[in-house]
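Below is one structure, written out as structure tokens, with a few remarks after it.
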Ligand SMILES: Nc1nc2c(ncn2[C@@H]2O[C@H](COP(=O)(O)OP(=O)(O)OP(=O)(O)O)[C@@H](O)[C@H]2O)c(=O)[nH]1
Ligand SMILES: [Mg+2]
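Numbering (the UniProt record's numbering), first residue to last: 1 to 422.
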């Protein structure tokens with residue numbers, strides 16, 4: 001039985017270090033992991049947040065050196081939508097299931113709150129879907145398509161004047177949910193000296209607003225120097241293009257202007273290569289891991305607490321899942337019983353009320369019946385009296401009629417007045 005006070009062997013105290021006399025084979029474990037991971041393939045999900053027409057799709061095409069065939073968004077949408085497209089990419093024998101989520105209509109609404117709410121809801125619902133899969137009895141996490149966002153590329157408008165309030169509010173809402181990498185879009189539209197000031201302004205605004213952006217990890221010594229250097233380059237100033245120009249006999253992804261050519265992959269022109277290096281080549285796994293161990297963990301904790309689960313009771317003593325479940329079941333049954341009793345009481349009261357109402361109606365009806373009966377008896381009496389009177393009048397009439405008739409035939413003396421009845 002699962003319980004918080006389950007006896008666990010004290011491994012730590014019995015831990016002994018032993019030397020092997022020969023090769024056993026578990027040294028191949030890392031290779032086994034690599035081979036298994038390669039076999040399963042990898043999943044990576046990018047969220048691009050940025051105003052309409054800021055170069056999101058072009059940058060994605062440039063980063064993955066392909067054409068994702070996206071459509072232009074209109075500026076007239078009533079609310080922000082998030083559109084996800086999943087692609088299967090392959091490089092040597094490594095398969096990558098890449099999902100690019102794009103904000104459509106971001107920043108085009110009058111009420112800016114509507115813009116970031118859609119993004120927050122999207123990120124949360126991906127966490128929720130994963131949590132629901134995890135909580136299933138029959139779960140299939142190894143084949144489950146994990147749609148949680150691993151990185152959010154936040155496209156900042158190259159105004160040179162700092163960020164818009166929508167950018168700050170949105171990033172503040174998202175910094176505990178996702179790894180944010182801020183990037184300056186269309187950096188070819190901003191001059192070199194302005195760019196440095198703009199970057200400094202962005203960083204100070206992020207700091208002022210307490211926004212935690214993703215930092216490339218510096219704990220792994222193989223990449224710590226590069227990552228530390230790249231952390232200093234954030235926010236990356238990028239240029240994207242779908243056009244190629246022949247430079248030194250090589251077709252280069254570039255933007256051609258009347259005054260010159262901006263090469264996307266030229267490090268003295270923009271930070272595109274640095275971003276690609278960091279995002280895809282060096283830190284993709286770190287972002288995947290941080291999403292699971294940091295951001296998802298926060299969401300999971302919050303949701304399980306909302307459901308009433310906890311690791312310790314009110315006295316700070318550890319409690320097991322089962323104990324909490326039983327306690328919740330007990331509380332639920334009690335609540336059910338309480339509701340049932342309440343309903344029964346209510347039913348009895350209602351029945352009594354209805355009974356009293358019916359009795360009142362019955363009494364009223366009886367009164368009316370009695371009244372009508374009385375009325376009927378009186379009417380009948382009057383009618384009987386009238387009838388009797390009429391009968392008497394008829395008898396009198398007939399008598400007089402006979403008298404007249406007799407008078408006419410025998411000239412008898414006419415008797416005036418009523419005959420006295422005996
Ligand atoms: N100057 C400059 N223009 C760019 C850059 N990247 C893209 N563009 C241009 O900006 C326009 C919009 O680019 P898209 O990539 O469609 O922008 P988007 O953010 O995906 O737009 P929606 O999906 O419609 O919101 C196109 O004309 C691109 O050629 C860039 O780095 N610099
Ligand atoms: Mg687009």
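Cβ atoms here follow ideal geometry from the backbone N, Cα and C, with glycine treated the same way.
Model, not experiment: these values are computed from the prediction.
- Close CB contacts of residue 46 within its chain, under the 6 Å cut and outside five residues either way in sequence, are with 100, 151 (chain order).
- Residue state for residue 139 is assigned as coil, using DSSP reduced to three classes.
- Annotated three-state conformation of residue 215 is coil, per DSSP.
- DSSP places residue 352 in the helix class (H, G or I) of the three-state scheme.
- With a 10 Å radius around the Cβ and a threshold of 16 neighbouring Cβ atoms, residue 182 comes out buried.
- The alpha-carbon separation between residue 241 and residue 255 amounts to approximately 6 Å.
- For a cut-off of 8 Å, the C-beta gap from residue 41 to residue 96 is around 7 Å, short enough to register as a contact.
- By the 16-neighbour rule on beta-carbons within 10 angstroms, residue 374 is exposed.
- Counting other Cβ atoms within 10 Å of its Cβ, residue 141 stays below 16 and is therefore classed as exposed.
- Residues close to ligand 2 by the beta carbon criterion (under 7 Å to any non-hydrogen atom) are, from first to last along the chain, 56, 57, 70, 72, 73, 102.
- According to DSSP, residue 256 shares a beta bridge with 261.
- In the structure shown, residue 30 adopts helical secondary structure according to DSSP, grouped into three states.
- At least 7 Å separates the beta-carbon of residue 202 from that of residue 158.
- Straight through space, the alpha carbons of residue 316 and residue 223 are spaced by roughly 41 Å.
- Residue 317 carries a coil assignment under DSSP once its states are collapsed to helix, strand and coil.
- Annotation: the continuous beta strand (DSSP E) that includes residue 49 extends over 42-49.
- DSSP places residue 302 in the uninterrupted alpha helix (DSSP H) bounded by 296-306.
- Less than 7 Å divides the Cβ of residue 205 from the Cβ of residue 162.
- By the C-beta criterion, the region 120-137 is judged not to be in contact with the region 20-30, since fewer than 3 inter-stretch pairs fall below 8 Å.
- Remark: fewer than three beta-carbon pairs, one from each stretch, lie closer than 8 Å, so the region 166-181 and the region 63-76 are not flagged as touching.
- Counting C-beta pairs closer than 8 Å gives three or more between the region 102-116 and the region 77-94, which meets the contact rule.
- Every beta strand (DSSP E) stretch that sits fully inside the region 85-118 and reaches 3 residues is listed by chain position as 94-104.
- Listed in chain order, the beta strand (DSSP E) elements of length 3 or more contained wholly in the region 175-203 are 180-184.
- Within the DSSP secondary-structure output, residue 328 pairs in no beta bridge.
- Here the distance from the Cβ of residue 29 to the nearest heavy atom of ligand 1 is not below 6 Å.
- Closest option to residue 267, judged by alpha-carbon separation, among 277, 410, 172: 277.
- Checking the 6 Å criterion, the Cβ of residue 192 is out of range of every heavy atom belonging to ligand 1.
- Its chain contains 48, 181, 183 as the residues whose beta carbon lies nearer than 6 Å to that of residue 153, once the 5 sequence neighbours on both sides are disregarded; these appear in chain order.
- Look at the region 334-385 and you find no whole run of beta strand (DSSP E) that is 3 residues long or longer.
- When only Cα atoms are considered, residue 389 and residue 410 end up about 31 Å apart.
- Measuring C-alpha to C-alpha distances from residue 165 to each of 83, 231, 51, 363 identifies 51 as the nearest.
- Relative to ligand 1, the beta carbon of residue 239 is positioned inside 6 Å of a heavy atom.
- Residue environment for residue 293: exposed (fewer than 16 other C-beta atoms within 10 angstroms of its C-beta).
- Sequence-distant partners of residue 251 (beyond 5 residues in either direction) whose C-beta falls short of 7 Å from its own C-beta, in its chain, are 244.
- Excluding its 5 nearest sequence neighbours in each direction, residue 30 has no C-beta neighbour in its own chain below 6 Å.
- Secondary structure at residue 82: strand, using DSSP grouped into helix, strand and coil.
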